[in-house]
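The structure appears right after this line, and notes come after that.
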Amino acid sequence: MQFTPPFEQGVLLRRYKRFLTDIKLSDGSEVTIHCPNTGSMKNCLFPGEKMWFSTSDNPKRKYSRTWEQAESDAGHIIGINTGRANQLAEDAIRAGVITELSGYSALKREVKYGSENSRIDILLSDDAGLTDTTIAGTDSPDTEPGKPNCYVEVKSCTLLEEGQGYFPDAVTTRGQKHLRELMEMVSSGHRGVLLFVVQHTGIDSVQAAAHIDPDYASLLTKAHNAGVEIIAYSTEMSPNGACLIKSCPVKL
């Protein structure tokens with residue numbers, strides 16, 4: 001994923017009202033920008049440290065700038081924009097980086113599924129009729145026709161505590177619903193995959209945050225035992241671009 005133009009640099013001052021952030025620009029002026037992260041952002045807020053933002057040319061937007069990345073006091077880069085996680089996942093699937101999700105010929109985003117009225121982030125299938133979502137290069141001998149559909153739920157992981165990466169950073173009833181939906185897909189004969197996109201360069205492994213949301217942690221173990229595949233990939237990030245680079249362990 002290339003950022004065109006590259007993100008601009010500022011200094012973080014404060015985040016408030018969930019969606020607003022005050023920053024200082026390179027010329028010393030202070031402005032308010034949009035914060036595209038609805039979570040608690042625990043351990044992601046470092047006032048006085050560098051941050052990076054994008055600028056939209058959409059005249060209808062109240063705040064043209066969007067907070068994209070932050071730097072921790074330890075020098076780690078954190079992906080603040082959770083909306084980029086799905087595109088990072090899609091790009092990595094198409095590039096063959098996520099080996100666990102290779103061998104499918106078609107990819108669709110935001111497909112309705114499940115009994116709780118959800119939308120899956122990414123649906124992988126061998127439906128050759130979906131020419132507008134065909135994955136390049138899947139006409140190779142490695143492609144496996146007749147594979148079950150694969151339902152991929154993507155979660156952005158940014159919480160680092162005492163050297164350990166955790167998800168979630170706040171109680172998430174929505175995340176619990178997604179785990180139930182994935183279990184339902186597995187019981188119906190499909191693949192269900194939970195993919196943690198690790199948008200924090202200081203995180204080397206991911207674990208359920210039982211100290212924050214014990215119900216989610218318990219349900220994650222139940223989902224794993226029911227056949228839901230749980231994987232995580234780390235992200236390389238800079239103001240110029242970002243991409244998933246390698247698998248990292250998930251502790252259950």
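Read in order, the letters of the sequence shown are residues 1 to 252 in UniProt numbering.
We put the beta carbon where it would ideally sit given N, CA and C, even for glycine.
None of these values were measured; they are calculated from a predicted model.
Exercise. Comparing alpha-carbon positions, which option in Asn-81, Ser-218 and Thr-172 lies nearest Ala-242?
Worked result: Asn-81
Exercise. Is residue 253 helix, strand or coil when you go by DSSP?
Worked result: Shown here, the chain extends from 1 to 252; a query on residue 253 therefore has no answer.
For this session: At 4 residues or longer, and completely inside the segment 169-217: list those alpha helix (DSSP H) runs for me, N to C.
Result: 173-187
Exercise. What's the C-alpha gap between Lys-246 and Leu-159?
Worked result: A straight line joining the alpha-carbon of Lys-246 with that of Leu-159 spans about 18 Å.
Problem set entry | Burial state of Tyr-58, where buried means 16 or more other Cβ atoms lie within 10 Å | First, the amino acid is wrong: residue 58 is Asn here, not Tyr. Exposed, since its Cβ has fewer than 16 Cβ neighbours within 10 Å.
Problem set entry | Under the three-state DSSP convention, the category Ile-93 falls into | helix
Exercise. Hey, quick one: how far does the beta strand (DSSP E) through Arg-65 stretch, first residue to last?
Worked result: 65-71
For this session: Would you list the one or two residues that DSSP bridges to Gln-164?
Result: Glu-161
For this session: Just the C-alpha distance for Asn-37 and Gly-189, rounded to the nearest angstrom, thanks.
Result: 34 Å
Exercise. For Asp-132, which of helix, strand or coil comes out of DSSP?
Worked result: Low local confidence applies: a pLDDT of 43 at Asp-132 is under 50, so the model's placement there is unreliable, and no value is given.
Exercise. Taking Cβ positions, are Gln-199 and Ser-156 nearer each other than 9 Å?
Worked result: yes
For this session: Return helix, strand or coil for Thr-221, following the three-state DSSP convention.
Result: helix
Exercise. Which residue from Arg-84, Leu-45 and Ala-92 puts its Cα closest to that of Glu-71?
Worked result: Leu-45
Exercise. Taking the alpha-carbon positions, what's the Leu-220 to Glu-30 distance?
Worked result: 42 Å
Exercise. Where does the unbroken beta strand (DSSP E) through Val-31 begin, and where does it stop?
Worked result: 30-34
Problem set entry | Euclidean distance between Cα positions of Leu-244 and Ala-89 | Going from the Cα of Leu-244 to the Cα of Ala-89 covers about 7 Å.
For this session: Evaluate Gly-163 with the Cβ neighbour count: other Cβ atoms within 10 Å of its Cβ, from every protein chain shown; 16 or more gives buried, anything less gives exposed.
Result: exposed
Exercise. By the 10 Å Cβ neighbour count, where 16 or more other Cβ atoms means buried, how is Gln-69 classified, buried or exposed?
Worked result: buried
For this session: Drop a sphere of 10 angstroms on the beta-carbon of Thr-201, count the other beta-carbons inside from all chains shown, and report buried for 16 or more, exposed for fewer.
Result: buried
Exercise. Using a Cβ-Cβ cut-off of 6 Å (strictly less than) and excluding sequence neighbours within five positions of Lys-42, which residues of its own chain qualify?
Worked result: Leu-159 and Asp-169
Exercise. Would DSSP call Arg-109 helix, strand or coil?
Worked result: Arg-109: strand per DSSP, three-state reduction.
For this session: Under 8 Å by Cβ, that's how I've got Phe-53 and Ile-23 pegged, so tell me the actual separation to the nearest angstrom.
Result: 7 Å
Exercise. Is DSSP giving Leu-45 helix, strand or coil here?
Worked result: The three-state reading of DSSP puts Leu-45 in coil, since its state is none of H, G, I, E or B.
Problem set entry | Residue range of the unbroken beta strand (DSSP E) whose run includes Leu-119 | Here the sequence assigns Arg to residue 119, which means Leu is not the residue at that position. Counting along the chain, the beta strand (DSSP E) containing Arg-119 begins and ends at 118-125.
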